[in-house]
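**Q** The following block contains the structure, expressed as structure tokens.
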Amino acid sequence: MKIKKYSFLINDKISLGKYSLVVLRKQDIQNIRKWRNDQINVLRQKIPLTKESQLKYYTNIIKKSFYKNKPDQILFSFLYNENCVGYGGLVHMDWSSNKGEVSFVSDTNRTKSKIIYQKDFSIFLKLLFKIAFNDMNLNKLTTETYDVRPWTINVLENLGFKREGRLKNHVLIDYKLYDSILHAKFSK
């Protein structure tokens, strides 16, 4: 049985070269769980995810969101040569203001190379822009990036995100306080 896509998507799959975005697939959720747990120190996640909690989240939250006209989050599997190498999308949707926050987590092994990570993240964003600004007619995309990840900030700024603020000493990572950098990109 084919999973219903989000109603506002024009295509089931959007591609750029060997990369593509498809609605978050159940077959990818356990790899995603592992990547999130491996990278917990740079995510808002506070406790490791279990196999059971990940399956429950997919079944009760994500799968049901496919059928909503205005879901709270819109998540995709990010594929390279048809293999999932990351996931992300839009979270904290504010439909009244036509905006959402970008979320992206990559395969932990791919994050070890800043060159691969930056390429992956750049292409992910380019694909997401097409969905957010064309299919969904959103006005604004936002991000919050911990200042321990300058290569992520470089990708954002190279793709037209503008700094909107800095939250000083906002997050504790490995026993040290870091700032959060806030960015936004507008449709026009």
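Under the numbering used here, read the sequence shown as residues 11 to 198, first letter to last. Cβ coordinates follow ideal geometry from the N, Cα and C atoms, glycine included.
Is N21 buried or exposed, if buried means 16 or more other CB atoms sit within 10 Å of its CB?
**A** With fewer than 16 other Cβ atoms within 10 Å, it is exposed.
**Q** Where H102 and P81 are concerned, what is the direct C-alpha to C-alpha distance, given to the nearest angstrom?
**A** Roughly 9 Å between the two C-alpha positions.
**Q** I need the straight-line Cα distance from L187 to K178, nearest angstrom please.
**A** Taking the straight line from one Cα to the other gives about 9 Å.
**Q** What three-state label does DSSP hand M11 in the structure shown?
**A** Note that M11 scores 45 on pLDDT, short of 50, meaning its location in the model is unreliable and no value can be drawn from it.
**Q** With respect to the beta strand (DSSP E) encompassing N179, which residues constitute its N-terminal and C-terminal limits?
**A** 172-183 is the extent of the beta strand (DSSP E) around N179.
**Q** What residue does the beta strand (DSSP E) around D48 start on, and which one ends it?
**A** Premise fails: D48 lies in the alpha helix (DSSP H), 39-48, not in any beta strand (DSSP E).
**Q** What is the C-beta distance between V95 and D130, in whole angstroms, given that I count them as a contact (C-beta under 8 Å)?
**A** The Cβ separation is near 6 Å, so the contact holds.
**Q** According to DSSP, simplified to helix, strand and coil, what is N51?
**A** Three-state DSSP puts N51 in a helix.
**Q** For a minimum of 3 consecutive residues, which ranges assigned as the beta strand (DSSP E) are wholly contained in the segment 130-170?
**A** With a minimum length of 3 residues, the continuous beta strand (DSSP E) runs that stay inside the segment 130-170 are 150-156.
**Q** Out of L26, N51, T152, which has the shortest C-alpha to C-alpha gap to G170?
**A** The shortest C-alpha separation from G170 is found at T152.
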